[in-house]
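Trainee:
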Amino acid sequence: MKTLFAEALRKRVIQENIIDAIDWPVSHNESQTKKYAPFSIEQLNAMFRAPLYTGCIDDGRNYNKVGNNRPRRVRFWLPLIALFTGARINEICQLHTSDIQEKNGIAFISINAEDDKHVKTKAAVRQVPIHDELIKIGFLDYVSEIRAKGETMLFPEVMTDLSRGTKRAGHLSPSAPLSKWFNHFIESVNRRIDEAEHKFTSEHVFHSFRHTVRTEFRRNRAAEDDVCRICGWENGSRNKSLADHYGESVIENLHETVNSGLIYKGLDLRHLYMK
8 MKTLFAEALR
18 KRVIQENIID
28 AIDWPVSHNE
38 SQTKKYAPFS
48 IEQLNAMFRA
58 PLYTGCIDDG
68 RNYNKVGNNR
78 PRRVRFWLPL
88 IALFTGARIN
98 EICQLHTSDI
108 QEKNGIAFIS
118 INAEDDKHVK
128 TKAAVRQVPI
138 HDELIKIGFL
148 DYVSEIRAKG
158 ETMLFPEVMT
168 DLSRGTKRAG
178 HLSPSAPLSK
188 WFNHFIESVN
198 RRIDEAEHKF
208 TSEHVFHSFR
218 HTVRTEFRRN
228 RAAEDDVCRI
238 CGWENGSRNK
248 SLADHYGESV
258 IENLHETVNS
268 GLIYKGLDLR
278 HLYMK
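Residues 8 to 282 (my numbering) make up the sequence shown, in order.
Pasting the structure below:
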C-alpha cells in the first residue's frame with residue numbers, strides 16, 4: 008500500500024501521502040520485499056550537485072533554482088544524514104539537539120523514544136556514530152549553531168512546516184511534508200540527468216537511502232551485527248540488553264564500521280566541506 012501511495016504521489020494523482028504519517032510495524036525481512044531501489048553513485052552525485060547543494064535562490068519554493076545562497080537547514084541535511092547513518096526520515100525529523108552526544112571522543116546520534124519521540128521497533132533505539140564525512144561537511148557546527156539559538160529541535164522548521172501544511176490533512180508524522188518534498192526534489196534532479204539509465208524511477212524514494220546504506224555495507228563486507236545496530240534492524244542472533252549494545256568498545260567498533268563500511272567510491276562531496 009505504501010508503494011501504491013508513493014507512486015500516486017509521484018504521478019500527482021494525490022497531493023499528500025497520508026500513508027507516510029502512519030508508523031507501520033514492519034519487520035526487517037518484510038522491508039526487504041518492498042519495491043525500493045538503492046541509489047547509484049551517479050544518482051547521488053547528481054543529487055548533491057543540485058542547486059540546493061551548489062547555490063540556490065532559497066531552500067523554500069526556489070530550492071531547485073540556481074542562485075547565490077547556500078542555506079543549511081533540514082532539506083540540506085536530511086539526505087546527507089540518511090546516506091551516512093541509514094536513519095529513517097521520521098527518526099531524523101524528530102531529533103532534539105540533546106540527541107547529538109559524545110562518548111570517548113566519538114560523536115554520535117542517539118535515536119530514542121524519549122520526550123514524545125517515536126521509534127518503529129525496540130531495535131530502532133540505538134546510538135549511531137557520526138560519519139567523518141558529515142563532520143567535514145559541518146554537521147557538528149550546525150548542531151552548535153542551533154544549540155546557541157536555544158532550540159530544542161535539531162530542525163525547528165520541521166514543526167513549522169507541519170503546522171502550516173498538514174494539520175488539516177490529519178497527518179501524525181512530522182516527516183510527511185519532507186517525504187513529499189523529497190519526491191519533488193529528485194524529480195527536479197531528474198530533469199538535469201541526460202542518461203536514461205541514471206534517472207530516478209518510481210522505486211526511488213527517501214526510504215531508498217536505507218537500501219543504499221545496506222548495499223554499501225555489504226559491498227564493503229561490514230559485520231552484519233554492526234550493520235543491524237547502526238540501522239536499527241532486528242537481528243535474531245542478538246539477545247543483549249541495551250547497556251550491552253552500547254558499551255564503550257561497541258561505540259568505537261561502530262564508529263569504525265560506519266567509516267569503513269560507508270565509503271561510496273566515486274561520490275564527490277568536497278564542494279560541501281566546511282572551509
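Backbone N, C-alpha and C fix where the C-beta goes; we use that ideal spot for every residue, glycine too.
1) Anyone know if the C-beta pair for residue 137 and residue 104 falls short of 7 Å?
2) Which residues does DSSP list as the beta-bridge partners of residue 73?
3) Below 7 Å between beta carbons: does that hold for residue 207 and residue 140?
4) Looking only at C-alpha atoms, which of 113, 112, 108 sits nearest to residue 119?
5) When DSSP labels each residue in this structure, what does residue 259 get in the three-state scheme?
6) Work out the CA separation of residue 192 and residue 158 for me, nearest whole Å.
7) Using a 10 Å radius around the Cβ and a threshold of 16 neighbouring Cβ atoms, would you call residue 180 buried or exposed?
8) Would you give the residue range spanned by the beta strand (DSSP E) that residue 184 belongs to?
9) By alpha-carbon positions, which one of 117, 99, 198, 260 ends up nearest to residue 162?
10) Among 234, 235, 224, which residue has its Cα nearest to the Cα of residue 271?
11) Rounded to the nearest angstrom, how far is the Cβ of residue 216 from that of residue 93, given a contact under 8 Å?
12) Going by the DSSP bridge assignment, what does residue 115 pair with across the sheet?
13) Could you round the C-beta distance between residue 130 and residue 239 to whole angstroms and report it? I think they count as a contact, below 8 Å.
14) Could you tell me which residues DSSP pairs with residue 54 in its beta bridges?
15) With DSSP as the reference, identify every bridge partner of residue 103, one or two as the case may be.
16) What number of angstroms, rounded off, separates the C-alpha of residue 281 from the C-alpha of residue 65?
17) Check for me: the alpha helix (DSSP H) holding residue 232 runs from which residue to which?
18) In angstroms with no decimal places, state the Cα-to-Cα distance between residue 284 and residue 84.
19) Please report the straight-line C-alpha distance between residue 128 and residue 241, rounded to a whole angstrom.
20) Alpha carbon to alpha carbon, what distance is there between residue 46 and residue 275?
21) So which of 201, 165, 79 has the shortest CA-CA distance to residue 148?
22) List the endpoints of the continuous alpha helix (DSSP H) containing residue 285.
23) Buried or exposed: residue 125, going by 16 or more other Cβ atoms within 10 Å of its Cβ?
24) Among 54, 44, 218, which has the Cα closest to the Cα of residue 198?
25) Looking only at its chain, what residues have a beta carbon closer than 6 Å to the beta carbon of residue 250, apart from the 5 residues adjacent to it on each side?
26) Judging by CA-CA distance, which residue of 48, 44, 42 is the nearest neighbour of residue 200?
27) Could you spell out the range, first to last residue, of the alpha helix (DSSP H) harbouring residue 221?
28) Could you check whether residue 44 and residue 210 sit closer than 7 Å to each other, using their CB atoms as the reference points?
29) Taking C-alpha atoms, which residue in 143, 187, 263, 195 lies nearest to residue 57?
Mentor: Inspection of the coordinates gives the following:
1) Taking a C-beta distance under 7 Å as the contact criterion, residue 137 and residue 104 do not qualify as a contact pair.
2) In the DSSP secondary-structure assignment, residue 73 is bridged to 63.
3) No.
4) Minimum Cα distance to residue 119 is reached at 108.
5) Helix.
6) Take the alpha-carbon of residue 158 and the one of residue 192: they are about 27 Å apart.
7) Buried.
8) Taken as a continuous stretch (DSSP letters only), residue 184 belongs to no beta strand (DSSP E), being part of the alpha helix (DSSP H) at 183 to 197.
9) Ranking 117, 99, 198, 260 by Cα distance to residue 162 puts 99 first.
10) The shortest C-alpha separation from residue 271 is found at 224.
11) Contact flag correct, Cβ pair sits at about 7 Å.
12) Note: residue 115 sits in a beta bridge opposite 108, 136.
13) By a beta-carbon distance limit of 8 Å, residue 130 contacts residue 239. Their separation comes to about 5 Å.
14) The beta-bridge partner set that DSSP reports for residue 54 is empty.
15) Note: residue 103 is bridge-paired with 160 in the DSSP secondary-structure output.
16) A direct Cα-Cα distance of roughly 19 Å separates residue 281 from residue 65.
17) Residue 232 -> alpha helix (DSSP H) spans 231 to 238.
18) Absent from the model: residue 284. The displayed extent of the chain is 8 to 282, so no value can be given.
19) Cα to Cα, residue 128 sits roughly 8 Å from residue 241.
20) Straight across, the Cα-Cα distance linking residue 275 with residue 46 is about 15 Å.
21) It is 79.
22) No answer is possible for residue 285: it lies beyond the span of the chain, which begins at 8 and ends at 282.
23) Residue 125 comes out exposed.
24) Each of 54, 44, 218 was checked against the Cα of residue 198, and the nearest Cα belongs to 54.
25) For residue 250, the predicted model reports a pLDDT of 40, less than 50, meaning its position is unreliable; a value from the coordinates is still stated below. Nothing meets the Cβ criterion.
26) By alpha-carbon distance to residue 200, the top candidate from 48, 44, 42 is 48.
27) Per DSSP, residue 221 is one residue of the alpha helix (DSSP H) stretching across 215 to 226.
28) Closer than 7 Å, so yes.
29) Looking at 143, 187, 263, 195, the one whose alpha-carbon comes closest to that of residue 57 is 195.
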